[in-house]
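>
Here it is as structure tokens:
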């Protein structure tokens with residue numbers, strides 16, 4: 001059973017943690033958002049690719065949800081000592097990844113090749129695809145002006161209202177090699193519980209990805225990142241409001257409506273099941289809040305189960 | 001009293017350690033070898049500039065003689081974990097320097113500007129000049145082929161016989177801005193006890209530096225890095241032998257004979273005083289082995305004293 005997961009960062013990684021326990025690594029591929037990628041100190045940093053790769057490699061810092069476990073921040077501190085405003089915390093072990101990636105990109109290698117190389121060296125047997133090898137950057141307009149998404153997210157802690165969003169480079173970004181084939185051939189595509197605008201929405205902006213999903217005859221299952229009117233994590237609500245979409249699983253269903261077959265929602269939202277069904281999407285209510293590894297595995301099992309049922313009965 | 005020191009790495013740093021105790025920082029300038037500079041993982045590393053800058057900033061790792069004190073090596077270890085042959089040990093704190101330098105060089109800044117910026121940020125009030133802003137690399141021919149000097153020195157631990165030496169880029173390397181003026185105007189130029197071929201010899205290869213020293217009317221004092229037939233540190237003997245020069249203060253005097261007024265030699269070599277005098281160079285015998293800070297300060301005092309005496313009496 002070949003599974004492809006559309007993934008952002010931390011939320012997707014939690015879900016993949018469970019999924020990786022029940023799917024053979026070679027049957028699992030991830031298409032990962034690169035709209036957060038940023039160059040700092042000449043280092044090409046790919047926040048979501050790294051979170052996903054470290055998670056699949058079993059070396060992610062589980063407490064923080066990003067970075068490598070038991071990392072130190074001595075380079076970061078030395079930069080601060082040099083008088084720099086270091087708002088992006090780069091771990092010392094993590095730096096090796098950024099140096100490796102930046103060196104190879106400068107020598108002309110593609111981000112997808114670099115990512116495959118990192119996976120191989122870290123013992124990750126699933127495939128990790130950057131959504132694109134092309135330039136693609138998410139920028140956010142705030143009352144302080146246009147800023148890179150990482151600046152919005154990390155430096156300013158998502159505190160600004162979202163006045164506008166730009167996906168810079170989206171017009172010409174093509175999917176990285178193998179992505180459209182993987183999406184076409186997968187027995188199931190799962191949209192991880194990531195921000196539907198700036199994590200999954202970016203992936204859908206890349207040429208041909210949305211159309212490939214629309215053409216699929218097999219299931220596309222999303223897990224709602226919104227529970228009882230709020231995002232489990234991060235600023236999805238601000239981005240959905242800006243887009244004029246209700247902050248609810250119904251809003252998520254609307255954003256994915258043209259290609260989704262199933263939407264997994266939380267028990268807390270189960271009264272929306274019929275509404276979502278009227279949009280042609282099978283809603284499955286379950287516990288979507290992933291506190292323990294058991295929660296993660298059970299959610300992954302529910303996601304896989306949706307693909308095996310023409311119409312999946314709502315759970316209680 | 002304006003002092004300019006021609007400096008390599010560890011040996012020069014030990015000497016500067018003492019000199020900095022007795023000379024006002026604004027009266028001290030260093031012209032530093034950049035022949036060891038190397039690009040690794042896209043990082044421009046300047047081993048000697050960093051040793052000198054860290055020493056003057058008081059943050060050098062005194063035990064190792066290079067790097068920053070109490071540094072960690074977690075990035076280095078992470079690179080090894082990725083399967084790389086990491087023969088060059090980069091400390092985590094040290095990385096901030098290399099990232100800063102590489103970023104600015106890529107943006108078009110000159111190495112001398114970057115070095116001045118680092119000095120300012122680290123509170124170093126002496127001037128630290130790279131010998132050149134131009135490409136200059138020392139390569140060594142061994143039985144294993146031509147290798148970069150750092151590969152000879154660090155990776156292979158100086159174990160190879162030196163079959164040939166190339167200063168790549170020397171033909172067109174010009175001194176960095178201010179170097180010739182500093183050498184002309186200095187009340188005293190001191191050649192630190194560094195390798196006379198690959199640390200000081202490189203500096204002398206840069207257009208106009210040797211000629212400027214030859215034209216000086218004021219003292220140029222060297223400290224012999226050779227004591228009783230052996231270098232205090234490093235492979236100076238192998239490079240002197242390859243050059244056909246005796247491994248002794250007499251050999252050092254020969255290499256610097258065209259511009260040197262004084263040579264400080266160790267007591268152990270004091271029988272060479274007359275020989276060196278016959279080359280037109282005043283030899284001063286003292287203790288040149290710098291074990292303690294007291295040794296370093298005393299050697300610095302002796303070096304300064306040579307400039308104040310037409311003929312300096314040999315010490316016993």
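Residue numbers (my numbering), protein chains in the order written: chain A, 1 to 316; chain B, 1 to 316. Ideal placement from N, C-alpha and C gives every residue a C-beta, glycine not left out.
Leaving out five residues on either side along the sequence, give the residues of the same chain with a beta carbon under 8 Å from the beta carbon of residue 138 of chain A.
35, 36, 148, 149, 165, 166, 167, 168, 198 and 202, listed in sequence order.
> Tell me, to the nearest whole angstrom, how far the beta carbon of residue 265 of chain B is from that of residue 224 of chain B; I am working on the premise that it is less than 8 Å.
The Cβ separation is near 5 Å, so the contact holds.
> Measuring only between beta-carbons, confirm whether residue 261 of chain A sits less than 8 Å from chain B.
It does not; no Cβ of chain B falls within 8 Å.
> Do you know offhand how far residue 158 of chain A's Cα is from residue 29 of chain A's?
Going from the Cα of residue 158 of chain A to the Cα of residue 29 of chain A covers about 30 Å.
> Under DSSP, the alpha helix (DSSP H) around residue 212 of chain A begins and ends at which residues?
That run of the alpha helix (DSSP H) goes 209 to 215.
> State yes or no: is the beta carbon of residue 79 of chain B nearer than 8 Å to at least one beta carbon in chain A?
With 8 Å as the cut-off, residue 79 of chain B counts as an interface residue toward chain A.
> Could you please tell me which residues of the region 100 to 134 of chain A, in chain order, have their CB closer than 8 Å to any CB of chain B?
Under the 8 Å Cβ criterion, the region 100 to 134 of chain A contributes 100, 102, 103, 106, 118, 121 and 122.
> How would you list, in chain order, the residues of chain B whose beta-carbon sits under 7 Å from the beta-carbon of residue 93 of chain A?
Result: 74, 75 and 78.
> Taking the Cβ atom as the reference point for each residue, do residue 253 of chain B and residue 276 of chain B lie within a distance shorter than 8 Å?
A contact, by the Cβ cut-off of 8 Å.
> Output the distance between the C-alpha atoms of residue 319 of chain B and residue 32 of chain B, rounded to the nearest integer angstrom.
With chain B covering 1 to 316 only, the question about residue 319 of chain B has no answer from this structure.
> Under 8 Å, Cβ to Cβ, is there at least one residue of chain B near residue 96 of chain A?
Answer yes: the Cβ-Cβ gap between residue 96 of chain A and chain B drops below 8 Å somewhere.
> Any Cβ of chain A within less than 8 Å of the Cβ of residue 58 of chain B?
So no, residue 58 of chain B is outside the interface.
> Looking only at its chain, what residues have a beta carbon closer than 7 Å to the beta carbon of residue 205 of chain B, apart from the 5 residues adjacent to it on each side?
Result list for residue 205 of chain B: 167 and 170, in chain order.
> Assuming residue 18 of chain B and residue 48 of chain B form a contact by the criterion Cβ under 8 Å, report the distance between their Cβ atoms to the nearest whole angstrom.
Contact doesn't hold; Cβ gap of about 18 Å is too wide.
> Which full runs of the alpha helix (DSSP H) of 4+ residues lie inside the region 38 to 84 of chain B, going along the chain?
Segments of the alpha helix (DSSP H) lying fully in the region 38 to 84 of chain B: 47 to 57 and 74 to 81.
> Taking C-alpha atoms, which residue in A/7, A/6 and A/14 lies nearest to residue 293 of chain A?
Here the closest residue by C-alpha is A/14.
> By the 10 Å Cβ neighbour count, where 16 or more other Cβ atoms means buried, how is residue 1 of chain B classified, buried or exposed?
Residue 1 of chain B comes out exposed.
> Here's the rule I'm using: 16 or more other beta-carbon atoms within 10 Å means buried, otherwise exposed. How should residue 7 of chain A be labelled?
Buried.
> Residues of chain B with CB under 9 Å from residue 41 of chain A, in chain order?
Within chain B, the residues near residue 41 of chain A are 96, 99, 100, 102 and 103.
> Using a Cβ-Cβ cutoff of less than 6 Å, which residues in the same chain neighbour residue 25 of chain B once the five nearest sequence positions on both sides are dropped?
Excluding residues within five positions, the ones whose Cβ falls inside 6 Å are 125 and 126.
> Under DSSP, the beta strand (DSSP E) around residue 30 of chain A begins and ends at which residues?
Here the beta strand (DSSP E) through residue 30 of chain A covers 28 to 32.
> Kindly indicate which residue of B/115, B/298 and B/289 has the alpha-carbon position closest to the one of residue 51 of chain B.
Measuring from the Cα of residue 51 of chain B, the nearest candidate turns out to be B/115.
> Report the rounded CA-to-CA distance for residue 136 of chain A versus residue 209 of chain A, giving the unit in angstroms.
Looking at the two C-alpha atoms, the distance is approximately 15 Å.
> Look at residue 161 of chain A and residue 80 of chain A and say whether their C-beta atoms are less than 8 Å apart.
No. Outside cutoff.
> Which bits of chain B does residue 255 of chain A rub up against, with CB to CB less than 7 Å?
By Cβ distance, chain B contributes nothing, its closest Cβ being about 38 Å from residue 255 of chain A, past 7 Å.
> What three-state label does DSSP hand residue 135 of chain B in the structure shown?
Here residue 135 of chain B sits in coil by DSSP.
> Across which residues does DSSP place residue 285 of chain B in a beta bridge pair?
In DSSP, residue 285 of chain B forms a bridge with B/265.
> Nearest to residue 87 of chain B by CA position, among B/221, B/102 and B/151, is which residue?
Measuring from the Cα of residue 87 of chain B, the nearest candidate turns out to be B/151.
> Cβ closer than 7 Å: which chain B residues qualify as neighbours of residue 83 of chain A?
Those are 121, listed as they occur along chain B.
> In terms of alpha-carbon separation, which member of B/4, B/250 and B/69 lies closest to residue 268 of chain B?
The option with the nearest alpha carbon to residue 268 of chain B is B/250.
> Just to check my reading of the structure: residue 11 of chain B and residue 272 of chain B have Cβ atoms closer than 8 Å, yes? What is that Cβ distance to the nearest angstrom?
With a Cβ gap of about 20 Å, residue 11 of chain B and residue 272 of chain B do not count as contacting.
> Please report the residue range of the alpha helix (DSSP H) in which residue 16 of chain A lies.
First-last of the alpha helix (DSSP H) with residue 16 of chain A: 10 to 22.
> Helix, strand or coil for residue 94 of chain B per DSSP?
Three-state DSSP puts residue 94 of chain B in a helix.
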